[in-house]
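Here the structure comes first, spelled out in structure tokens, and everything after it is commentary.
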Amino acid sequence: MVCSTPASSTRYRTLTHVALISRWPGLRHYTGTPVEHFQPFVLFTNYTRYVDEFVRWGCSQILDPNSPYIALSCAGGIWITAETEAPEEAISDLAWKKHQMPAWHLVTADGQGITLVNIGVGPSNAKTICDHLAVLRPDVWLMIGHCGGLRESQAIGDYVLAHAYLRDDHVLDAVLPPDIPIPSIAEVQRALYDATKAVSRMPGEEVETTTAYGNSRHNG
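See below:
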């Protein structure tokens with residue numbers, strides 16, 4: 004199956020020619036997909052199970068006539084649409100394993116879809132893909148995975164903002180001594196508080212009592 008190009012996004016027109024030329028070949032090389040297929044909402048992961056779930060959900064969305072998603076672009080030049088027979092089976096494991104950081108793009112007609120990139124393990128991959136994607140100016144990029152710092156008191160749906168945490172894997176010891184806590188970013192904490200207040204429509208006092216701070220989780 005050969006990829007066709009979805010509707011182009013105007014976001015690329017705002018970028019400098021030099022920046023685009025320098026990054027586009029790298030994106031295709033690392034991810035196995037054309038740069039034109041990248042969507043503005045980007046997810047990073049290093050777990051294959053999240054890729055499998057994204058592909059499964061993406062294929063179901065393409066078949067849904069009420070869904071805005073029209074195609075799934077996959078590493079290795081695979082282009083899935085509603086007309087593709089057995090879409091999940093058509094996505095070959097061998098195709099994406101040839102690429103260092105394979106990507107999948109759930110495309111909409113107006114270029115407002117979702118991109119998932121499997122960045123593998125290691126900070127070098129993360130830095131490389133972020134440097135390459137930055138010139139496309141995505142609206143959002145978010146890392147999904149799992150954390151060893153969760154507590155039994157937490158439930159699915161809770162959002163955890165790490166605050167003053169310590170790393171125990173010694174990866175960054177040369178840059179940041181392990182006895183120095185890493186603080187949360189105040190702007191991020193405030194943005195999450197404001198978003199929670201807006202979405203839940205709760206008054207500020209109630210938001211504070213139903214949000215986890217520090218070492219305990221208070222229930223209002």
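In our numbering, the protein residues as written are 4 to 223. Heads up, the beta-carbon is just placed ideally off N, CA and C, and yes, glycines get one too. All figures in this text were calculated on a predicted structure; none of them were measured in a lab.
Look at the alpha carbon of N49 and the alpha carbon of P68, and state the distance between them as a whole number of angstroms.
Taking the straight line from one Cα to the other gives about 31 Å.
Residues near T84 in its chain [Cβ-Cβ closer than 6 Å; skip 5 each side]:
Contacts found: A74.
Simplified DSSP state of N48, which is helix, strand or coil
The question names Asn, but residue 48 in the sequence shown is Thr. Residue state, collapsed to three classes: strand.
Might you give, ordered along the chain, the residues of its own chain that have their beta carbon closer than 8 Å to the beta carbon of V143, omitting 5 neighbours on each side?
So the qualifying residues of the chain are P43, F44 and V45.
What number of angstroms, rounded off, separates the C-alpha of W82 from the C-alpha of P90?
For W82 and P90, the distance between alpha carbons rounds to 9 Å.
DSSP state of R31, grouped into three classes?
Collapsing the DSSP output to three states places R31 in a helix.
Can you give the Cα-Cα distance for Q64 and E86, rounded to whole angstroms?
Distance from the CA atom of Q64 to the CA atom of E86, rounded to whole angstroms, is 13 Å.
Tell me the rounded alpha-carbon separation between S230 and H108.
The requested residue 230 does not occur in the structure, where the chain is confined to residues 4 to 223.
Which residue wins for smallest C-alpha separation from V54, given the options N121, Y162, L136 and S203?
When only C-alpha atoms are compared, the closest one is N121.
Name the one or two DSSP bridge partners that V110 has.
V110 is bridged to A74.
Helix, strand or coil: which one does DSSP assign to L195?
In the structure shown, L195 sits in a helix (DSSP, three-state: H, G or I).
Exposed or buried, what is I132 when buried is set at 16 or more other beta-carbons lying within 10 Å of its beta-carbon?
Looking at its Cβ environment, which holds 16 or more other Cβ atoms inside 10 Å, I132 is buried.
Cutoff 7 Å; reference M104; Cβ partners in own chain excluding five residues on either side
Non-local C-beta neighbours of M104 in its own chain, meaning closer than 7 Å and more than five positions away in sequence, comprise Y33, T34, V120, N121, I122, G123, N128 and I132, ordered along the chain.
Tell me the rounded alpha-carbon separation between S76 and A137.
Rounded to whole angstroms, S76 to A137 spans 20 Å at the Cα level.
With DSSP collapsed to three states, give me the class of T131.
DSSP, read as helix, strand or coil, puts T131 in helix.
Could you tell me the distance, in whole angstroms, from the CA atom of S11 to the CA atom of L30?
With a pLDDT of only 46 at S11, under 50, the local geometry of the prediction cannot be trusted, and the value read off the model is given with reservation. If you take the alpha carbons of S11 and L30, they lie about 17 Å apart.
Name the DSSP bridge partner or partners of N121?
Answer is T48.
V110 and H40 - do their beta-carbons sit closer together than 9 Å?
Going by C-beta atoms, H40 is nearer than 9 Å to V110.
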